[in-house]
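Residue numbers (my numbering), protein chains in the order written: chain L, 16 to 328; chain C, 44 to 408; chain G, 18 to 377.
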């Protein structure tokens with residue numbers, strides 16, 4: 016143990032040793048579990064790389080990368096869209112609950128948003144496909160008629176509304192409570208003294224939030240967003256039930272041809288998969304794993320740049 | 044937190060002990076096996092195609108009612124999963140939307156069976172696939188295979204296209220974009236539908252029988268039968284294909300066979316199976332049907348899905364052989380097929396097929 | 018035009034340099050009215066289209082945001098104007114978030130209530146075809162598997178986050194932090210496949226057990242617990258810890274008596290989110306725990322049904338009596354939401370009991 020512990024407690028007590036030992040054990044257990052999962056993934060995906068592509072029926076005439084590329088693209092594209100929608104709204108909600116709503120109301124409002132997290136993904140899938148998609152379809156037609164010169168809305172619009180934008184909206188609604196809940200707690204932890212000092216200097220409420228709450232909570236927001244991103248990347252059933260996935264690589268948001276996502280593709284293809292097809296699907300799972308690894312590494316770098324052990328310093 | 048959880052579980056456990064072993068009102072308790080009319084007991088495990096699930100539920104319910112001490116579990120993991128599980132020996136029977144291929148049978152031994160023995164495959168679940176569409180005021184359309192293939196490959200894009208109109212005199216077709224919907228997940232339904240297109244309209248449908256849809260054909264993708272039905276119902280100018288029992292109020296296509304247009308019906312679906320020969324080169328009781336989808340016989344509906352029940356001819360030690368035999372015999376019996384028709388809208392198998400199947404089932408050791 | 022209609026009552030308030038209280042409300046009403054009227058004109062021009070309520074409200078709200086900014090900028094100056102604009106946007110985000118929630122809840126409740134009856138909670142699906150039947154087997158399975166997953170992952174997750182925040186330094190802590198992040202990205206079905214493969218190794222092929230489902234859920238749950246608890250523990254001010262050390266309290270007691278209670282509310286929220294996340298998982302349970310129509314109390318023997326799988330399979334496999342099956346699916350979804358709400362409520366009560374009494 017290094018500097019800070021030495022300063023506080025040079026002598027290790029039994030309780031300390033037991034406590035830190037069990038904490039360490041728990042942490043190592045996670046590493047162990049992850050190593051098991053990763054090992055399983057790698058082991059199971061080896062045949063997908065070594066078997067000649069024309070012997071694997073699920074690939075069609077393509078090789079593994081041509082099969083996986085639209086899925087990788089779709090996964091990242093849908094998750095980015097979802098986060099672009101979800102992050103501003105969640106920060107707004109978190110601010111509303113922590114700093115705008117009357118204090119008595121705030122807790123029940125938080126509870127209402129948490130309710131969204133309580134909705135199982137199957138239900139989101141049912142709702143997204145049967146309620147949301149028909150609702151937004153006329154809007155997509157309008158977007159196409161008015162903005163078809165923007166590549167995003169190049170159309171032609173889907174007849175059912177089950178596009179990647181609809182899927183991204185459903186994903187956004189699903190990650191909202193995650194990002195909101197953590198941002199809200201972080202915002203609430205802003206030191207009261209900082210806020211009061213800002214207000215005393217004549218700042219408006221927004222200036223106070225910009226100067227005290229946001230700097231304090233930035234790492235928390237990024238952390239929360241990453242958690243949301245993790246869910247958006249890995250979400251299976253809701254995407255599978257909403258998206259009309261045809262395997263195209265396109266930025267077109269409103270047409271019926273959309274890239275699928277890795278997780279949804281695994282869930283949908285797995286029941287009918289046999290032999291090496293299963294290995295191909297697990298190999299795409301490994302790729303999703305790798306994507307999350309990269310995304311999280313990037314996020315860590317961003318967070319670490321502004322590292323502060325505890326906000327009260 | 045931990046306190047609530049343990050508390051909750053303790054409360055659950057308490058509730059469990061209070062309500063005997065099983066607290067479901069419709070399940071027998073542990074003390075309920077006083078009279079055993081059949082003498083059968085134990086658990087039979089099957090896994091496989093989700094297409095059979097509704098039928099299996101009906102079979103299982105009837106079989107368990109007749110034999111209260113028996114539990115039959117059918118796990119709808121999917122055809123591929125079902126075949127793999129059966130092969131590995133994880134289940135006593137499998138349900139699959141296609142029979143094992145010959146090289147698959149030769150390649151490995153089956154886990155539940157004695158090595159080197161044959162397997163039994165029974166086409167026990169025959170289901171017509173309806174081509175469904177959503178157009179205001181139109182309940183039925185006549186289409187031939189080439190037109191269907193044209194629609195699903197994206198070559199025919201409007202509902203009032205001459206190819207459609209020429210076959211449907213007197214039907215007012217709207218000037219509306221066609222949105223063809225196909226299954227986004229790999230499915231036996233897609234395999235059977237495209238097999239039909241490939242056989243009946245080879246010059247338009249050139250990619251053969253496929254399980255996953257090629258991206259270049261465009262169209263909308265929906266997942267599972269329910270997703271397909273929802274997409275067709277909620278969309279405008281949509282057309283798709285689904286298990287006939289789920290067609291509901293949607294319009295359905297009568298398919299051209301020979302010189303007449305045949306709407307789907309269980310009888311017409313069973314007729315094509317009877318009109319088709321069994322595949323050559325298989326074991327005595329391996330009843331894999333080689334469907335003749337280009338048959339021009341009168342009254343056959345060529346787009347059908349056949350789902351097989353797969354079992355061993357000789358089980359390895361410890362398997363509930365009696366249960367397998369009794370259960371399969373019930374499934375192929377007239378009552379069993381009747382129950383499936385009521386619950387899942389499938390087509391009952393013919394008496395000739397039943398005799399062959401029963402011969403196979405009786406030989407199970 | 019909107020600015021002039023709304024600006025009239027401002028005259029009195031102008032002297033003080035601040036907008037009077039009713040002004041924003043009047044502005045909102047005015048812009049909504051203007052937007053509604055203009056859409057009536059559009060509607061009258063093209064009577065065959067429907068009156069577009071959504072677009073009218075949307076335009077009205079956007080108009081209000083613009084109007085309040087302009088008016089406030091004229092009267093109060095740029096800084097308060099910005100403040101008002103942001104306030105409007107923040108409230109707006111909350112309303113936007115409520116829309117899908119209300120729509121969802123409405124859909125689930127309306128469709129779920131018809132079968133939300135006594136039979137549903139006392140019957141399983143054994144020997145049930147078509148109408149009737151219930152979900153007691155699925156409810157039991159869900160509670161058992163999620164409970165077990167929570168029993169595994171809450172201690173592990175909490176201890177790990179304590180390690181990361183209070184003890185961990187150096188490469189091991191960094192590795193754990195990083196790989197916990199990676200774990201949040203495990204697709205749920207891969208977790209299911211992993212658990213299935215693990216138990217196949219131990220018990221032979223094709224085995225499906227409740228405990229395998231619980232392990233799959235735990236794999237999904239642990240990183241969420243770690244991530245959110247870690248965030249909450251880090252927020253506990255260092256002054257509190259230092260004050261405790263200064264009184265001679267050992268580190269482990271400081272963590273147990275000071276740090277944990279201070280962050281209890283946040284940790285509970287995180288744990289509840291984690292539970293809510295896994296309790297609705299379908300794919301891993303279908304792979305690892307299987308499907309059954311019978312009640313099973315034993316995690317270590319035989320397949321176990323769960324509510325999400327029940328909902329999914331009722332939706333996917335409807336049979337000829339589709340309405341009965343769909344009703345069961347929605348009732349199952351409603352039950353699932355009610356269970357999570359109850360858990361949430363209990364969690365909050367517990368958090369309140371343990372939390373230190375501070376004004377917040």
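Don't be surprised by glycine CBs; every beta carbon is placed ideally from N, CA and C.
Pull up the DSSP beta-bridge partners for residue 169 (chain C), would you.
C:349, C:390
Which residue wins for smallest C-alpha separation from residue 129 (chain C), given the options C:352, C:169, C:260?
C:352
Name the chain L residues that come within less than 7 Å of residue 202 (chain C), Cβ to Cβ?
Those do not exist, as residue 202 (chain C) stays about 12 Å from chain L at its closest Cβ, beyond 7 Å.
Relative to chain G, which residues along the stretch 57-87 of chain L have a C-beta separation below 7 Å, given in chain order?
none
Backbone CA spacing between residue 120 (chain G) and residue 145 (chain L) [nearest angstrom]
The alpha-carbon atoms of residue 120 (chain G) and residue 145 (chain L) are separated by roughly 12 Å.
Quick check: is the beta carbon of residue 142 (chain G) nearer than 8 Å to any beta carbon in chain L?
no
Backbone secondary structure at residue 91 (chain G) - three-state DSSP:
Collapsing the DSSP output to three states places residue 91 (chain G) in a helix.
In angstroms, rounded to a whole number, what distance separates the CA positions of residue 51 (chain G) and residue 236 (chain G)?
If you take the alpha carbons of residue 51 (chain G) and residue 236 (chain G), they lie about 54 Å apart.
Using a Cβ cut-off of 7 Å, which residues of the stretch 116-145 of chain C contact any Cβ in chain L, in chain order?
120, 121, 122, 123, 124, 126, 127
Taking Cβ to Cβ, would you say residue 39 (chain G) is nearer than 8 Å to residue 278 (chain L)?
Going by C-beta atoms, residue 39 (chain G) is not nearer than 8 Å to residue 278 (chain L).
According to the neighbour-count rule (16 or more other Cβ atoms, all chains shown, within 10 Å of its Cβ), is residue 256 (chain L) buried or exposed?
buried
Entirely enclosed alpha helix (DSSP H) segments - the stretch 241-309 of chain C, minimum 4 residues:
Within the stretch 241-309 of chain C, the alpha helix (DSSP H) runs of at least 4 residues that lie entirely inside it are, in chain order, 267-277.
Does the contact criterion of 3 or more C-beta pairs under 8 Å hold for the stretch 96-105 of chain L versus the stretch 230-244 of chain L?
yes
Tell me which residues share the same chain as residue 386 (chain C) and place their Cβ nearer than 7 Å to its Cβ, disregarding the 5 neighbours each side in the sequence.
97, 98, 100, 101
Residues near residue 223 (chain G) in its chain [Cβ-Cβ closer than 8 Å; skip 5 each side]:
217
Buried versus exposed call for residue 213 (chain C) [16 or more other C-beta atoms within 10 Å across all chains shown]
exposed
Using a C-beta to C-beta distance shorter than 8 Å, which residues of chain L count as neighbours of residue 49 (chain G)?
Within chain L, no residue has its CB atom less than 8 Å from the CB of residue 49 (chain G), the nearest being about 20 Å off.
Under the DSSP definition of a beta bridge, which residues are partnered with residue 157 (chain G)?
Beta-bridge pairing links residue 157 (chain G) to no other residue.
Any alpha helix (DSSP H) of 4 or more consecutive residues that is wholly inside the stretch 231-281 of chain G
255-263, 268-271
Identity of the residue in G:299, G:348, G:250, G:321 nearest residue 5 (chain G) by Cα
Residue 5 (chain G) is absent from the model: chain G starts at 18 and stops at 377.
Just the C-alpha distance for residue 133 (chain L) and residue 369 (chain G), rounded to the nearest angstrom, thanks.
Distance between the alpha carbons of residue 133 (chain L) and residue 369 (chain G) is about 20 Å.
So which residues of chain G does residue 289 (chain C) contact, with C-beta pairs closer than 8 Å?
335, 339
Under a CB-based cut-off of 8 Å, is residue 118 (chain G) close to chain L?
yes
Would a check of beta-carbon distances place residue 330 (chain G) closer than 8 Å to chain D?
Absence of chain D from the displayed structure is noted, the protein chains being L, C and G.
If we ignore side chains and look at the alpha-carbon of each, how far apart do residue 59 (chain L) and residue 295 (chain L) end up?
9 Å
Does residue 90 (chain G) come within less than 8 Å of chain L when only Cβ atoms are used?
no
So does the stretch 350-366 of chain C actually touch the stretch 171-186 of chain C, counting three or more Cβ pairs closer than 8 Å?
no
Would residue 99 (chain G) pass as an interface residue toward chain L - the criterion being a Cβ-Cβ separation below 8 Å?
yes
Less than 7 Å between C-beta atoms, sequence neighbours within five positions excluded: which residues of the same chain meet that for residue 153 (chain G)?
Shown here for residue 153 (chain G): same chain residues with a beta carbon closer than 7 Å to its own, the five before and five after excluded, namely 138, 139, 140, 141, 312 in chain order.
Taking the C-alpha atoms as reference points, what is the distance between residue 221 (chain C) and residue 304 (chain C)?
22 Å
Counting Cβ pairs closer than 8 Å, one from the stretch 39-54 of chain L and one from the stretch 272-286 of chain L, do we hit at least three?
no
Spatial neighbours of residue 149 (chain L) within its chain, please: C-beta separation below 7 Å, excluding the five flanking residues on both sides.
176
Beta-carbon gap between residue 292 (chain L) and residue 71 (chain L) smaller than 8 Å:
yes
Taking 8 Å as the CB-CB cut-off, is residue 20 (chain G) touching chain L?
At residue 20 (chain G) the pLDDT is 45, less than 50, meaning the model places this residue with poor confidence; the figure from the coordinates comes in the next sentence. Judged by the 8 Å Cβ criterion, residue 20 (chain G) is not in contact with chain L.
Might you give, ordered along the chain, the residues of its own chain that have their beta carbon closer than 8 Å to the beta carbon of residue 222 (chain L), omitting 5 neighbours on each side?
213
Nearest neighbour of residue 139 (chain L), chosen from G:366, G:361, G:365, G:350 [CA to CA]:
Comparing Cα-Cα distances from residue 139 (chain L) to each of G:366, G:361, G:365, G:350, the minimum goes to G:350.
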